[in-house]
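Quick note: to get my numbering, add 194 to the position in the first sequence (first position is 1).
Remarks on the structure that follows.
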Amino acid sequence: MADISLTFPDGNSRSFPAGVTAAEVAASISNSLAKKAISATVNDTHWDLQWPIEEDAAIAIHTMKDDEQALELIRHDLAHIMARAVQELWPEVQVTIGPVIQNGWYYDFDRKEPFTPEDLGVIEAKMKEIINARDPVRTELWSRDDAILHYKKSHEPYKVELVEAIPEGEDIRMYWHGDWQDLCRGPHLQNTGQVPADAFKLMSVAGAYWRGDSDRPMLQRIYGVGFKNRNDLKDHLLFLEEAEKRDHRRLGREMNLFHFEEVAPGSVFWHPSGWRLFQTLISYMRRRQEAAGYVEVNSPDIMDKALWELSGHWQNYRENMFLAETQDDRDYALKPMNCPGHMMIYNQGIKSYRDLPLKIAEFGKVHRYEPSGALHGLLRVRSFTQDDAHIYCTPEQLTEECLKVNELILSIYSDFGFDDVHVKLSTRPENRIGSDESWDRSEEALRTALDQAEMNYTIFEGEGAFYGPKLEYVLRDAIGRDWQCGTLQVDYNLPERFQTTYVAANGEKKAPVMLHRALFGSLERFTGILIEQHAGRLPFWLAPRQVVVASIVSDADDFVYEVVESLKAKGISAEADTRNEKINYKVREHSLAKVPVILAIGGREVENRTVTVRRLGEKQTQTVGLDEIVTQLAEEATPPDLRRAT
RNA sequence: GCUGCUGUAGCUCAGAGGUAGAGCACUCCCUUGGUAAGGGAGAGGUCGAGAGUUCAAUUCUCUCCAGCAGCACCA
């Protein structure tokens, strides 16, 4: 048998007989490594210790100390162990797929009766039994035909379908955890006992469509989390508890920012404090856009169906539009987007190449009948305010304009403390309008802009809008769910549909290219994310309630009102609290409401015209003069863009 | 929209086939208190909506509505 040469991470090479397993390689190094080894990396592939190595390769042996590989194996084995436990408890259950995900895994089952929360405990107990049995894990390569035959014989249609999806001629890997068999790419640990028995937990059951297709049967998905040790599990559960306290729906109620009602599912009732925050965001954006050369407009909320047919929305999104019933014979729809309105504004009068790029912005409220199951607090609503804009430019200006939007978004996000933004590039979908040639140009423009800005991004094939590809700027909520906020989309199609033109330098009429862009995206969503990001403790300039001035004795009330007026005169939100309560009570209440600054006033303060400042989260207080605190807070209340300007 | 779970006072929750309870919040009274709950009294509910079973339903059954988790969707 021919020898192969394996190169270790330290750069040394040794020769082994071809077909040597990673386990044998580990054993050749030392007994202790043989015992501790859990897997290997062979030429960038995560490698099972049992798999043979046939060619020269770079190899690294992993132990439980290598977090990435250890967690991957633990979670993957837990998925199998859970599936085995479920089948041992309910032999009629069909197993399907069970991948590793962030913090754990899931496995999808086909079973008539729903799994109950109590079942999860039963399954967990069975899993522990399997782990404690230390059953060996074994693997074999089967031919595709053998695998299909096997699953047909055992009446497992889901597995048959999975194997059939694998290209012909390719071998299929099978794994056994004890006697329990599953089709699996691997790698796995060497026996079930290597999985920590006290560091996993089954979290929830939910429906999930087979192969992610809503036209196919719905399976039951059980989610679990798994770690290397009990402490890591505890930390994770603690994190989830903390995240629950940051949930914007909970904070919105606790801080009295907004609420929802059954009469308007998915639409926000903004309370005074929440609306103040909302308006602070709009004022900020208005300044940033004006500085970036945008003009602001306003277009109608309700327009004739004919317009939506022209734009293509009617054909693509009719089911998701709110329709308006009226006495006349016309069909109206509430606008789900601002772009058609902006096309009408652009088309008024003749535009010259000298007018381009023309940047039309609107804080438009759009309405979309979202599926009921999609609604989620402020993060997914049925009516929301976009900081929407459309940039009309020449093809030559396109890349430059994309770059500018990208730069503006990043600068703005950074003002709100979002410095780590994920960017997704979504390309042409199956259902689309326009020529392949215009799609080529559009996708190219976005890619070039990202590359020139040296951004990291992920490509999502086929996920673009029906009229053009898009960039999505994604922010995360408290428990790590992704939400699209900013977006930038290139569109050659709407200008054509609306016969939009400009007069070029040579006098010819040409179609401009159009960029759709939103920076916050949905103001509602951005507000929600912002609340979660800061756990309700918003920076002073954004805080919906900035200052409460609280009296310690009722003799101080008059001075309290004077202080409130001085603060209000500087545009600071200030409230008096002269209730018949002790200062302890007031401090507790306003601290829980996350008011950043409490100014306490007693006899001493009245006498000296001072205030005692208590900042949220700080125990110690500080007594300063009235003028001083007003100046100081006015400075702190200055938005970051205005601060840069001075 | 789909699967599962949930819906009782403003909030958090208890409760049982015989027409409801706690804590906090709210109102009033006493208290003028120095940095995370001072004391007392009071008011507050068509038990998500509708239908059915029953002598009797908020409790059991069904339908609808809304919310939660996930899936699908997200112009």
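Just so it is clear, CB atoms sit at the ideal spot from N, CA and C, and this is done for glycine as well.
query: Does the beta-carbon distance from Leu475 to Leu717 come in below 9 angstroms?
result: Here residue 475 refers to the residue found at position 281 of the first sequence. Here residue 717 refers to the residue found at position 523 of the first sequence. Contact annotation: Leu475 and Leu717 have beta-carbon atoms nearer than 9 angstroms.
- prompt: What number of angstroms, rounded off, separates the C-alpha of Thr386 from the C-alpha of Ile585?
  reply: Working through the first sequence from its first residue, we reach residue 386 at position 192. Working through the first sequence from its first residue, we reach residue 585 at position 391. In a straight line, the C-alpha of Thr386 is about 59 angstroms away from that of Ile585.
message: For the alpha helix (DSSP H) containing Ile554, name the first residue and the last one.
response: As a first step, residue 554 must be located in the first sequence, where it is residue number 360. Here Ile554 belongs to no alpha helix (DSSP H); instead the beta strand (DSSP E) covers 552-561.
message: Can you tell me whether Val331 is buried or exposed? The criterion is at least 16 other CB atoms within 10 Å of its CB, across all chains shown.
response: For the purposes of this step, residue 331 is taken as residue 137 along the first sequence, with counting starting at 1. Using a 10 angstroms sphere on the CB of Val331, the tally of other CB atoms reaches 16 or more, which defines it as buried.
- request: Please name the residue, chosen from Ala583, Met515, Arg782, Pro565, that lies closest to Ser493 on a Cα-to-Cα basis.
  value: Counted from its first residue, the first sequence places residue 493 at position 299. Taking only the C-alpha atoms, the option nearest Ser493 is Ala583.
message: Helix, strand or coil for Pro211? Go by DSSP, reduced to three states.
response: In the first sequence, counting from the first residue as 1, residue 211 sits at position 17. Correct three-state label for Pro211: strand.
task: May I ask which residues mark the beginning and end of the beta strand (DSSP E) holding Gln693?
output: Translated into positions along the first sequence, residue 693 becomes position 499. Unbroken run through Gln693: none, as it is neither H nor E.
- prompt: Residues in its own chain within less than 6 angstroms of Asp609 by CB, not counting five upstream and five downstream?
  reply: Here residue 609 refers to the residue found at position 415 of the first sequence. Cβ neighbours of Asp609 beyond the five flanking positions: Pro834.
query: Just to confirm, are Tyr686 and Gly701 a CB contact at a threshold of 9 angstroms?
result: On the first sequence, position 492 is the one that residue 686 refers to. On the first sequence, position 507 is the one that residue 701 refers to. No, they are not a contact pair.
- request: For Asn385, name the three-state secondary structure that DSSP assigns.
  value: Start at 1 with the first residue of the first sequence, and residue 385 comes out as number 191. It is a strand residue.
query: Does the distance from the CB of Pro589 to the CB of Arg635 come in under 9 angstroms?
result: Locating residue 589 in the first sequence gives position 395, counting from the first residue. Locating residue 635 in the first sequence gives position 441, counting from the first residue. Inclusion of Pro589 and Arg635 in the CB contact set at 9 angstroms is warranted, their separation being smaller than that value.
message: Check this for me: beta carbons of Glu556 and Gln580, under 9 angstroms apart or not?
response: Looking up residue 556 in the first sequence gives position 362. Looking up residue 580 in the first sequence gives position 386. Taking a C-beta distance under 9 angstroms as the contact criterion, Glu556 and Gln580 qualify as a contact pair.
query: Apart from the five residues just before and just after Met276, which ones in its own chain have a Cβ nearer than 8 angstroms to its Cβ?
result: Working through the first sequence from its first residue, we reach residue 276 at position 82. Excluding five sequence positions before and after Met276, the CB atoms of its chain that fall closer than 8 angstroms to its own CB belong to Gly292, Trp299, Tyr301, Ile317, Met321, Leu396, Ile416, Gly418, given in chain order.
- prompt: How many Å lie between Val457 and Leu732 at the Cα?
  reply: As a first step, residue 457 must be located in the first sequence, where it is residue number 263. As a first step, residue 732 must be located in the first sequence, where it is residue number 538. The C-alpha of Val457 lies about 30 angstroms from the C-alpha of Leu732.
query: In chain order, what residues of the same chain lie with their CB nearer than 6 angstroms to the CB of Ser199, ignoring the 5 residues before and after it?
result: Position 5 of the first sequence, counted from the start, is the residue given in the question as residue 199. Once the five neighbours on either side are set aside, the close Cβ partners of Ser199 are Ser207, Ser209, Asp250.
field: Under the three-state DSSP convention, the category Thr772 falls into
entry: Residue 772 sits at position 578 when you count from the first residue of the first sequence. Look at Thr772 here: in three-state DSSP terms it is coil, with no helix or strand label.
- prompt: So is Pro565 buried or exposed if we call it buried at 16+ other beta carbons inside 10 Å?
  reply: Sequence index remark: in the first sequence, residue 565 carries index 371 (1-based). Pro565 is classed as exposed because its beta carbon has fewer than 16 other beta carbons within 10 Å across all chains shown.
- prompt: Taking Leu265 as the reference, which of Gly420, Ile603, Arg808 has the closest Cα?
  reply: Residue numbering aside, residue 265 sits at position 71 when the first sequence is read from its first letter. Closest by C-alpha distance to Leu265, out of Gly420, Ile603, Arg808, is Gly420.
- prompt: Residues in its own chain within less than 8 angstroms of Asn514 by CB, not counting five upstream and five downstream?
  reply: Looking up residue 514 in the first sequence gives position 320. The beta carbon of Asn514 is closer than 8 angstroms to those of Pro530, Arg562, Tyr563, Glu564 in its chain, skipping five residues each way along the sequence.
Tyr352 and Asp549 closer than 9 angstroms at C-beta: Position 158 of the first sequence, counting from 1, holds the residue named residue 352. Position 355 of the first sequence, counting from 1, holds the residue named residue 549. No.
- prompt: For Ser546, which residues does DSSP report across the bridge?
  reply: What you label residue 546 is simply residue 352 of the first sequence in a count that begins at 1. In DSSP, Ser546 forms a bridge with Val697.
CB of Arg711 within 9 angstroms of CB of Leu682, strictly: Translated into the one-based positions of the first sequence, residue 711 becomes position 517. Translated into the one-based positions of the first sequence, residue 682 becomes position 488. Against a cut-off of 9 angstroms, the Cβ pair of Leu682 and Arg711 comes out as a contact.
message: Just list the residues that DSSP pairs Arg415 with in beta bridges.
response: Locating residue 415 in the first sequence gives position 221, counting from the first residue. As DSSP reads the structure, Arg415 sits in a beta bridge with Asp302, Ala400.
Buried versus exposed, by CB contacts within 10 Å (16 or more), Glu666: Position 472 of the first sequence, counted from the start, is the residue given in the question as residue 666. It counts as buried.
Three-way DSSP call (helix, strand, coil) for Tyr651 in this model: Residue 651 sits at position 457 when you count from the first residue of the first sequence. In this structure, Tyr651 counts as coil in the three-state DSSP scheme.
task: Using three-state DSSP, classify Met479 as helix, strand or coil.
output: Along the first sequence, read from residue 1 onward, the residue named residue 479 stands at position 285. DSSP places Met479 within a helical segment (H, G or I) once states are collapsed to three.
field: Distance, Ala212 Cα to Pro246 Cα
entry: Position 52 of the first sequence, counting from 1, holds the residue named residue 246. Position 18 of the first sequence, counting from 1, holds the residue named residue 212. If you draw a straight line from the Cα of Pro246 to the Cα of Ala212, it comes to about 8 angstroms.
- request: State the beta-bridge partners of Gly205 as determined by DSSP.
  value: One-based indexing of the first sequence puts residue 205 at position 11. Answer by DSSP bridge pairing: none, since Gly205 is not bridged.
message: Starting from Lys499, trace the beta strand (DSSP E) in both directions and tell me its first and last residue.
response: Here residue 499 refers to the residue found at position 305 of the first sequence. Where Lys499 is concerned, there is no enclosing beta strand (DSSP E), although the alpha helix (DSSP H) it sits in stretches over 499-505.
query: Are there 16 or more other CB atoms within 10 angstroms of the CB of His256, so buried, or fewer, so exposed?
result: As a first step, residue 256 is located in the first sequence; it is residue number 62 there, counting from the start. Counting Cβ neighbours within 10 Å, His256 comes out buried, since at least 16 surround it.
query: Which residues in the same chain have their Cβ closer than 6 angstroms to the Cβ of Phe141, if we skip the five residues on either side of it in sequence?
result: What is shown of the chain runs 195 to 840, which leaves residue 141 out entirely.
Anticipated Cβ contact below 8 angstroms, Ala672 with Ala437, distance rounded: Here the question's residue 672 lines up with position 478 in the first sequence. Here the question's residue 437 lines up with position 243 in the first sequence. The C-beta separation of Ala672 from Ala437 comes to about 4 angstroms, placing the pair in contact by the 8 angstroms criterion.
task: Run through the segment 701-786 for me and flag every whole alpha helix (DSSP H) of 4 or more residues, listed as ranges in chain order.
output: As for any alpha helix (DSSP H) of minimum length 4 sitting wholly inside the segment 701-786, the runs are 717-727, 751-763, 777-786, ordered along the chain.
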